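Below is one structure; the comments refer to it alone.
There are 2 protein chains.
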Amino acid sequence: MIVDVSLRPGIADPEGATIERALPALGFTGVRAVRAGKTFRLVIDAPDEATALERARALAERLLSNPVIEDATVRAGES
Amino acid sequence: MIVDVSLRPGIADPEGATIERALPALGFTGVRAVRAGKTFRLVIDAPDEATALERARALAERLLSNPVIEDATVRAGES
């Protein structure tokens, strides 16, 4: 399972902003809207994929993200 | 463009290990092989998608990841 955690739109992203500001000096122009996020890859032992997805979703929302400022999305994928 | 940066196989991942260790006490069992990574979403102004992908790849390898311990993969995707 792959859990993507990204800042909600409108929430300030200092890491992304810093990268974006640094890029032109490093030779990369035309790059904008840089947003940093986190990804967690994990294996869930479950009887079927639907159950695994459901558990991953609960885990993502309750533990891996802060729902006040972040969105978590879950997808099946190799770990 | 979406840039995924993950630790290479075999490189210790203290964040993932800490999450994995904490999960049973929090009610999640059967979760293993937790690995933490980073994701960067960005918009690249380029004449076509192939050029944008190429620039994103250069940026990912040179600036967004540490090639000694991390793998970076780039894919097209909404920012």
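Protein chains in written order, with the numbering used here: chain A, 1 to 79; chain B, 101 to 179. The C-beta atom is built at its ideal place from N, Cα and C for all residues, glycine as well. Remember, it's a predicted structure, so these values are computed and weren't measured experimentally.
Practice task
Please list the residues of the region 153 to 169 of chain B that have a C-beta atom closer than 9 Å to any C-beta atom in chain A, keeping them in chain order.
Solution key: Arg155, Ala156, Ala158, Leu159, Arg162, Leu163 and Leu164
Practice task
Check the Cβ of Asp145(B) against every Cβ in chain A and list those closer than 9 Å, keeping chain order.
Solution key: The residue given as residue 145(B) occupies position 45 in the second sequence. Those within 9 Å of Asp145(B) in chain A are Thr29, Gly30, Val31 and Arg32.
Exercise for the section: Give a yes or no on contact between the region 13 to 26 of chain A and the region 121 to 137 of chain B, applying the rule of three or more CB pairs nearer than 8 Å. Expected result: no
Exercise for the section: Decide yes or no for the touch test of the region 1 to 16 of chain A against the region 39 to 49 of chain A: beta carbon pairs closer than 8 Å, at least 3 of them. Expected result: yes
Handout entry: Within chain B, the residues that Ala36(A) reaches when beta carbons sit closer than 7 Å
Key = As a first step, residue 36(A) must be located in the first sequence, where it is residue number 36. Ordered by position in chain B, the residues that pass the 7 Å Cβ test against Ala36(A) are Lys138 and Phe140.
Handout entry: Ala33(A) versus Pro9(A), Ala46(A), Gly77(A) and Glu54(A), residue with shortest Cα-Cα distance
Key = The residue labelled residue 33(A) in the question sits at position 33 within the first sequence. Comparing Cα-Cα distances from Ala33(A) to each of Pro9(A), Ala46(A), Gly77(A) and Glu54(A), the minimum goes to Pro9(A).
Handout entry: Reduced DSSP secondary structure (H/G/I, E/B, other) of Gly110(B)
Key = Here residue 110(B) refers to the residue found at position 10 when the second sequence is read from its first residue. It is coil, neither helix nor strand.
Practice task
For Val5(A), write down the residues that DSSP places opposite it in a beta bridge.
Solution key: Position 5 of the first sequence, counted from the first residue, corresponds to residue 5(A). Beta-bridge pairing links Val5(A) to Lys38(A) and Ala72(A).
Handout entry: Per-residue burial, Ile119(B) [other beta carbons within 10 Å of its own, 16 or more giving buried]
Key = Position 19 of the second sequence, counted from the first residue, corresponds to residue 119(B). When all chains shown are included, Ile119(B) counts as buried.
Exercise for the section: To the nearest angstrom, report how far apart Val176(B) and Val105(B) are at their CA atoms. Expected result: Working through the second sequence from its first residue, we reach residue 176(B) at position 76. Working through the second sequence from its first residue, we reach residue 105(B) at position 5. Per the sequence presented here, residue 176(B) reads as Ala, with Val not at that position. Ala176(B) and Val105(B): Cα-Cα distance of roughly 15 Å.
Problem - Coil, strand or helix - Ala146(B) by DSSP - result: If you number the second sequence from 1, residue 146(B) lands on position 46. Coil.
Problem - Residues of the region 103 to 115 of chain B with Cβ closer than 8 Å to any Cβ of chain A, in chain order - result: Asp104 and Ser106
Handout entry: Asp71(A) versus Pro47(A) - alpha carbon distance
Key = On the first sequence, position 71 is the one that residue 71(A) refers to. On the first sequence, position 47 is the one that residue 47(A) refers to. Distance between the alpha carbons of Asp71(A) and Pro47(A): 27 Å.
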